[in-house]
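In the order they appear, the protein sequences are chains A and B.
Quick note on the working numbering: the first sequence kicks off at 1 and runs consecutively.
Quick note on the working numbering: the second sequence kicks off at 1 and runs consecutively.
Even for Gly, the Cβ is constructed at its ideal location relative to N, Cα and C.
See below for the structure under consideration.
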Amino acid sequence: MNGVVIGVIYALAALGVSLVVGIMNVINFAHGELYILAGYFSFLFADALGWNMYLSLAVAVFLVFLFGIFIEYILIRPTYGNEMYSLILTFILSIVLQNAYLLIFGPYPNKPPTWIKGATEVFGLFFYGNQRLAALVVGAFVITAVFLVIKLTWFGKIVRAASQDREMAELNGVNTLYLNMLSFGLGCALAGAAGVILAPVFPVTPTAGVQVALTAFVVVVLGGMGSLWGCVVGGLVLGLVENLGAAFLSTGYKHIFGFIILILVLLIRPAGLFGRKEI
Amino acid sequence: MKDKRVYAAIVVALACLLPLGLDEYKLHVVINSLFYVMMASSWNLLAGYTGQVSFAHAAFAGIGAYTSGILSVKAGFNPWAGIVIGMAAAGFVGFLVGVLCLRMGGIYLSLTTLGFSEILRIIITNEYEITRGTMGLQVPALMPVYSKTAYFYIMLGAAVLSLIVIYKMIYSDTGLNFRAVQNDEKAASSLGVDVVRIRVMAFTVSSILAGMAGGFYGHYLLLITPEIPSLDQQFLVLSMAVIGGLGSFVGPILGAFTLEILAEYIRGYGQYHVLVFGLVALAMARFSPRGVMGIVSDYKRRRNQSLIAAGELRG
Chain A
1 MNGVVIGVIY ALAALGVSLV VGIMNVINFA HGELYILAGY FSFLFADALG
51 WNMYLSLAVA VFLVFLFGIF IEYILIRPTY GNEMYSLILT FILSIVLQNA
101 YLLIFGPYPN KPPTWIKGAT EVFGLFFYGN QRLAALVVGA FVITAVFLVI
151 KLTWFGKIVR AASQDREMAE LNGVNTLYLN MLSFGLGCAL AGAAGVILAP
201 VFPVTPTAGV QVALTAFVVV VLGGMGSLWG CVVGGLVLGL VENLGAAFLS
251 TGYKHIFGFI ILILVLLIRP AGLFGRKEI
Chain B
1 MKDKRVYAAI VVALACLLPL GLDEYKLHVV INSLFYVMMA SSWNLLAGYT
51 GQVSFAHAAF AGIGAYTSGI LSVKAGFNPW AGIVIGMAAA GFVGFLVGVL
101 CLRMGGIYLS LTTLGFSEIL RIIITNEYEI TRGTMGLQVP ALMPVYSKTA
151 YFYIMLGAAV LSLIVIYKMI YSDTGLNFRA VQNDEKAASS LGVDVVRIRV
201 MAFTVSSILA GMAGGFYGHY LLLITPEIPS LDQQFLVLSM AVIGGLGSFV
251 GPILGAFTLE ILAEYIRGYG QYHVLVFGLV ALAMARFSPR GVMGIVSDYK
301 RRRNQSLIAA GELRG
């Protein structure tokens, strides 16, 4: 059960990475820090300013979206065609953000208020925290919404076209400049969504983003770069494996399973479960 | 070529005189800088010349340091032998990681190395009995009587050695292949360059050099902590190379000295140096991708051009 909840959140975080990889061929190493940023925003608005909880969630995600667009415009745009610099830039950005958080918020964990208190009995078997159940529901809802947007809307069609063949999409009149900006912002917003959903369960600290980003990357490689279904399946697999595995090994080694999976994927099927042969 | 060698010899000879004029603390800063010179230059061999970004360079230094440290503490090895074995261990692990992900291209290498350094950190902090976790592992010194001056010469020797290896590689046929792979992978492979082999080779060599740097550094500090293979350390090495100038031989050396000395100054005001370097490195990578050395060479070219133009006008 815990595995499923965590898996959904992993999938949500990985979805943002995968979207950006599929369209722009850029890996955002600051993904985890944006997750943390949204957590801090929601903490700030709801706890320190005393805003309505739902409002502060929405504003937090929207601000991260704007921040993502800003990053794309300032840092990523000049690096198109040179993946090395986008890797270096986003890595430096992640360290800068970590240290900025440390300076502003301090090393203590911060926790926005929980949405619902108490626990529910699940299937008459065990008790489970309501907050985690809510996270599951909202996470699944956001993932469904992303899929609907990609499959059904005009924007989704453009996204799919550009990730299949970028030049062809450009020839057909897609403005890839705006598309890049929007999809990078959307990728960041998805990281932010995962952040606000999970922050009440796992409090945010300045360096907690590294683990989140690493897990998201493992999920993306497992599912196949640029594949959205791969993210969902990969996220669930990783969530379940980690939780089952932690029962056998010490919890300190929980994150090692992700790495083992990463190595296995690279050994056996480097393109991932649903991946294209080339990216 | 000839006078470059003379310049290098003069610089090294002048460096040999440094211990005469520096106190213990300043000598410590210089020794640290030499460690970073080794790290940044060997990272530059990989990133600047073959275009692959590894985030495990500090982790390989950690492998070198911990292998040598554990062998000399638990198995009674001579530290010098330990360092050699540590280099071999770093090279072997680097080779494995390289073979594993370089078939799939640069992004996979960056992802895997990032995961690798995080996993290494987890293992080191959890295996408390072997590595002493965050407490740090106390290791023996390289010589019977501890002397900063002797360490300075050892580190200088190691740095010169690894710089010679890097220089020879860059200006050999292999180095040409490196740059061919970086500039246009498909064109290089169509001309018969084995792209994957070249990449794995560059990755292995730079891992060995990182292992050596880490081994010497560990036996200098006498205390090996998970700080050596941390991502913060990796970031420092990366920003030294980026600010100094990727793809230039001198750039990372300048970057290492400048940033290490600056870090000591900023440390006086608190732990802001990482943030400051991060912002500078961001601006550098964004506006001058070839770092300070890129700015210098652009300036030289422009001045030459304007001199030529002026000469033509007069003539």
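- If only uninterrupted alpha helix (DSSP H) runs of at least 4 residues are considered, those enclosed by the region 140 to 214 of chain B are 148 to 170, 173 to 183 and 185 to 190.
- The beta-carbon separation of S94 (chain A) and G187 (chain A), rounded to 14 Å, does not stay under the 8 Å limit for a contact.
- Comparing alpha carbon positions, the residue from B:S207, B:I130 and B:L27 closest to E264 (chain B) is B:L27.
- Close to R286 (chain B), with beta-carbon spacing below 9 Å, are these residues of chain A in chain order: I74, L75, P78, T79, Y85 and L89.
- L89 (chain A) is positioned such that its CB atom lies closer than 8 Å to that of L75 (chain A).
- Judged by DSSP secondary structure, N180 (chain A) falls within the alpha helix (DSSP H) whose first and last residues are T176 to L198.
- Non-local C-beta neighbours of I6 (chain A) in its own chain, meaning closer than 6 Å and more than five positions away in sequence, comprise G239, ordered along the chain.
- In the three-state reduction of the DSSP assignment, L223 (chain B) falls in the strand class, which pools E and B.
- The shortest CA-to-CA distance from V276 (chain B) to any of B:M155, B:F235 and B:I224 is the one to B:F235.
- Judged by DSSP in its simplified three-state form, L267 (chain A) adopts helix.
- Here the alpha carbons of S239 (chain B) and S54 (chain B) stand approximately 13 Å from one another.
- Note that the C-beta distance between V174 (chain A) and A161 (chain A) is below 8 Å.
- At a beta-carbon threshold of 8 Å, the residues of chain B lying near H255 (chain A) are E118, I119 and I122, ordered along the chain.
- It is roughly 55 Å from the alpha-carbon of G245 (chain A) to the alpha-carbon of D298 (chain B).
- Buried is the label assigned to E260 (chain B), since at least 16 other Cβ atoms lie within 10 Å of its Cβ.
- In the three-state DSSP reduction, Q138 (chain B) falls in the strand class (E or B).
- C16 (chain B) is outside the set of residues whose beta carbon lies under 8 Å from a beta carbon in chain A.
- Bridge partners of V21 (chain A) according to DSSP: none are assigned.
- Secondary structure note for V61 (chain A): its alpha helix (DSSP H) is the uninterrupted segment M53 to I71.
- Neighbours of V53 (chain B) in chain A, taken as residues whose beta carbon is under 8 Å from its own, are M84, L87, I88 and F91 in chain order.
- Of all alpha-carbon atoms in A:G258, A:I27, A:V265 and A:G230, the one lying nearest the alpha-carbon of F147 (chain A) is that of A:G230.
- For V221 (chain A), the three-state secondary structure derived from DSSP is helix.
- Each of B:D3, B:L20, B:A40 and B:I308 was checked against the Cα of A241 (chain B), and the nearest Cα belongs to B:A40.
- Inter-segment contact for the region 185 to 192 of chain B and the region 159 to 171 of chain B is absent: fewer than three beta-carbon pairs are separated by less than 8 Å.
- Between I70 (chain B) and V93 (chain B), the CB-CB gap reaches or exceeds 8 Å.
- Every unbroken stretch of the alpha helix (DSSP H) spanning 4 or more residues and falling wholly within the region 49 to 90 of chain B is given here in chain order: 57 to 74.
- The beta-carbon separation of V181 (chain B) and T50 (chain B), rounded to 6 Å, stays under the 8 Å limit for a contact.
- An exposed status is given to R5 (chain B), since fewer than 16 other beta-carbon atoms sit within 10 Å of its beta-carbon.
- The straight-line gap separating the alpha-carbon atoms of S56 (chain A) and F65 (chain A) is approximately 14 Å.
- For M168 (chain A), the uninterrupted alpha helix (DSSP H) run begins and ends at R166 to L171, by DSSP.
- In this structure, I92 (chain A) places its C-beta atom within 8 Å of the C-beta atom of G278 (chain B).
- Residues of chain B whose Cβ lies closer than 7 Å to the Cβ of I263 (chain A) are, in chain order, L100.
- Flagged as an interface residue toward chain B: V210 (chain A), by a C-beta distance shorter than 8 Å.
- Cβ-Cβ distances below 6 Å link F29 (chain A) to T90, F91 and S94 in the same chain, with the five nearest sequence neighbours on each side left out; the list follows chain order.
- By alpha-carbon distance to L182 (chain A), the top candidate from A:G106, A:L266 and A:F67 is A:F67.
- Judged by their CB atoms, S42 (chain B) and A256 (chain B) are not nearer to each other than the 8 Å cut-off.
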